[in-house]
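In full-length UniProt numbering, the protein residues as written are 1 to 293.
Built from N, CA and C at the ideal position, the CB exists for glycine as well.
Read the structure below first, then the notes.
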Ligand code: BQF
């Protein structure tokens with residue numbers, strides 16, 4: 001069994017980005033600048049967005065964090081987006097999800113300038129991704145592709161079973177892995193809450209991407225020997241032995257599934273850290289693209 005170490009791989013990528021930034025600046029270019037808008041006080045969201053800001057510092061990017069109250073109106077948020085859309089110093093920005101219920105997420109994502117949409121959530125960028133036209137690939141699917149690539153996990157001709165059909169993970173992951181690309185050319189089956197005979201399907205998987213948000217849903221009897229397992233789940237489960245009062249649990253019963261797996265991601269320290277590294281990659285890409293105009 002080989003552990004797909006997202007913590008180490010993301011550290012490697014950040015080091016590569018830091019070198020590239022230094023060279024980019026030495027050539028007289030601007031400092032890459034990522035901005036993030038967060039609305040409200042969701043604890044997990046604040047943790048995520050703080051990790052993104054810290055990662056910017058690590059690689060020599062500038063960052064701006066815009067914190068808005070839970071009571072912010074859709075109109076106020078659209079106004080903040082309009083400002084960032086035309087701010088020449090900001091190369092890329094994100095709106096941290098999820099948003100409060102009174103704000104229409106789709107409307108917000110559609111207001112982001114696609115050239116600055118480093119999360120790749122704007123319909124224009126989702127459309128380009130689906131057509132295999134170069135664009136910002138959203139951080140989680142991009143991170144999974146990068147992890148499979150760096151560990152030389154063969155995907156061509158393999159049967160990939162994707163669990164979950166979210167717009168952020170399941171749907172793009174199934175599209176990308178079926179495409180003709182370096183990490184791709186797979187035969188993909190997408191499963192979701194209405195799927196019948198799920199175990200029959202997962203038992204045929206060479207690679208399983210689990211993105212359903214149910215702790216330890218994938219058990220050893222659902223996978224075959226030599227499987228590769230990518231665990232995207234990160235449910236917070238109460239744990240009084242931890243100083244923050246919880247631990248992160250994936251969608252995979254790691255200990256039992258690992259015994260049958262050739263490659264497997266841990267939680268924490270698997271896909272999660274990769275998302276941060278790939279957001280930085282997209283921001284550098286946005287900055288370099290802009291400097292060519
Ligand atoms: C780790 C996210 C659901 C909804 C909105 C490292 C992250 C997570 C885990 C992280 C996530 C999940 C992010 C670990 C960003 C991934 O060590 O296992 C990093 O920061 N993530 C987000 O911004 O919004 C989310 C999940």
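Apart from the five residues on each side of it in sequence, which residues of its chain come closer than 8 Å, Cβ to Cβ, to residue i?
i           : result
residue 1   : 258, 259, 261, 262, 263, 264
residue 221 : 199
Which one of the options has the shortest CA to CA distance from residue i?
i           : options            : result
residue 163 : 109, 210, 279      : 210
residue 75  : 240, 105, 57       : 105
residue 331 : 53, 59, 113        : Any answer about residue 331 is impossible in this case: the structure gives the chain only from 1 up to 293.
residue 48  : 282, 284, 285, 277 : 277
residue 19  : 254, 41, 60, 35    : 60
residue 77  : 63, 28, 109        : 109
residue 71  : 46, 184, 99        : 99
residue 294 : 187, 167, 136      : Past the edges of the chain, shown from 1 to 293, lies residue 294, and the structure says nothing about it.
residue 83  : 4, 111, 193        : 111
residue 165 : 194, 293, 11       : 194
residue 46  : 69, 161, 58        : 69
residue 159 : 146, 135, 201      : 201
residue 41  : 147, 226, 97, 269  : 97
residue 58  : 13, 24, 241        : 13
Looking at the structure shown, is residue i part of a helix, part of a strand, or coil, going by DSSP?
i           : result
residue 168 : coil
residue 271 : helix
residue 194 : coil
residue 181 : coil
residue 142 : helix
residue 112 : coil
residue 55  : helix
residue 44  : helix
residue 210 : strand
When the Cα atoms are used, what is the spatial distance from residue i to residue j?
i           : j           : result
residue 287 : residue 16  : 16 Å
residue 132 : residue 178 : 11 Å
residue 80  : residue 204 : 48 Å
residue 267 : residue 289 : 34 Å
residue 223 : residue 189 : 15 Å
residue 38  : residue 244 : 22 Å
residue 207 : residue 56  : 32 Å
residue 115 : residue 125 : 9 Å
residue 102 : residue 95  : 15 Å
residue 213 : residue 87  : 37 Å
residue 21  : residue 292 : 16 Å
residue 197 : residue 219 : 15 Å
residue 44  : residue 119 : 18 Å
residue 154 : residue 50  : 34 Å
Starting from residue i, follow its DSSP beta bridges and name the residues at the other end.
i           : result
residue 63  : 34
residue 159 : 187
residue 252 : 218
residue 93  : 35, 117
residue 246 : 238
residue 261 : 227
residue 280 : Paired residues: none, contrary to the question.
Excluding five sequence neighbours on each side, which residues of the same chain lie with their C-beta closer than 6 Å to the C-beta of residue i?
i           : result
residue 275 : 139, 140, 143
residue 175 : 130
residue 217 : 251
residue 33  : 62, 89, 90, 91
residue 249 : 215, 235, 237
residue 273 : 6, 7, 10
residue 185 : 156
So, at 7 Å on beta carbons, what are the nonlocal neighbours of residue i in its own chain, with the 5 sequence-adjacent residues on each side left out?
i           : result
residue 172 : 129, 138, 141
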